[in-house]
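Below: one structure, written as structure tokens.
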Amino acid sequence: MLVALVTTGACGGSGDAERKYVDKLTGAGFESVSVLPEVKTSHRKNRERRSTVAYTFDWRVNTDADPATCTVTLRHPAHSTSSLRGDHWNIEEVNDEDIQGWGGESPDPDTVRRLLRKHDYDC
Numbered sequence: 001m002l003v004a005l006v007t008t009g010a011c012g013g014s015g016d017a018e019r020k021y022v023d024k025l026t027g028a029g030f031e032s033v034s035v036l037p038e039v040k041t042s043h044r045k046n047r048e049r050r051s052t053v054a055y056t057f058d059w060r061v062n063t064d065a066d067p068a069t070c071t072v073t074l075r076h077p078a079h080s081t082s083s084l085r086g087d088h089w090n091i092e093e094v095n096d097e098d099i100q101g102w103g104g105e106s107p108d109p110d111t112v113r114r115l116l117r118k119h120d121y122d123c
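Sequential numbering of the sequence shown, starting at 1, is according to our numbering.
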């Protein structure tokens with residue numbers, strides 16, 4: 001059974017981009033999906049402006065029989081709360097360490113687990 005949970009971490013309501021990312025992740029096989037907006041703040045003419053630049057999903061994963069787990073952050077760029085940028089997400093971090101070039105476009109749960117084992121993460 002797949003369960004999709006959506007939480008909003010920024011001001012305002014949930015946008016289409018957030019729902020689309022949740023749908024993409026659940027469609028790829030991730031369970032209990034909860035995504036958060038990545039918001040950039042800028043100042044223009046003495047006003048603060050907040051823009052959603054991406055959505056992230058922190059996935060706690062175990063790849064073997066021991067109790068150790070890893071937290072993998074998957075990131076999908078966004079134009080705003082109403083639209084995603086491009087068609088794919090990527091692996092951004094493992095246990096708060098930046099990751100570059102892993103898994104190509106939109107890795108599914110099995111691909112993420114395989115990459116963690118390949119790169120010697122004890123999860």
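The beta-carbon is built from N, C-alpha and C at its ideal position, and this holds for glycine as well.
At which residues does the beta strand (DSSP E) containing residue i begin and terminate?
i    : result
A68  : Where A68 is concerned, there is no enclosing beta strand (DSSP E), given that its DSSP letter is neither H nor E.
L116 : Where L116 is concerned, there is no enclosing beta strand (DSSP E), although the alpha helix (DSSP H) it sits in stretches over P109 to K118.
Hey, residue i and residue j are a contact pair by Cβ (cut 8 Å); roughly how many whole angstroms apart?
i    : j   : result
V208 : C70 : No answer is possible for residue 208: it lies beyond the span of the chain, which begins at 1 and ends at 123.
S106 : A28 : 7 Å
E92  : R75 : 4 Å
What do you reckon, are the CB atoms on residue i and residue j nearer than 7 Å?
i    : j   : result
T56  : E38 : yes
R117 : T63 : yes
W89  : V72 : no
C123 : A65 : no
On the criterion of 16 or more Cβ atoms from any shown chain inside 10 Å, does residue i qualify as buried, or is it exposed?
i   : result
E18 : buried
G15 : buried
A54 : buried
K45 : exposed
Taking residue i as part of the alpha helix (DSSP H), name the residues at either end of that continuous run.
i   : result
G27 : D16 to A28
Exercise. With a floor of 3 residues, list each beta strand (DSSP E) that falls wholly inside the segment 35-102, ordered by position along the chain.
Key: 35-44, 47-61, 70-77 and 90-94
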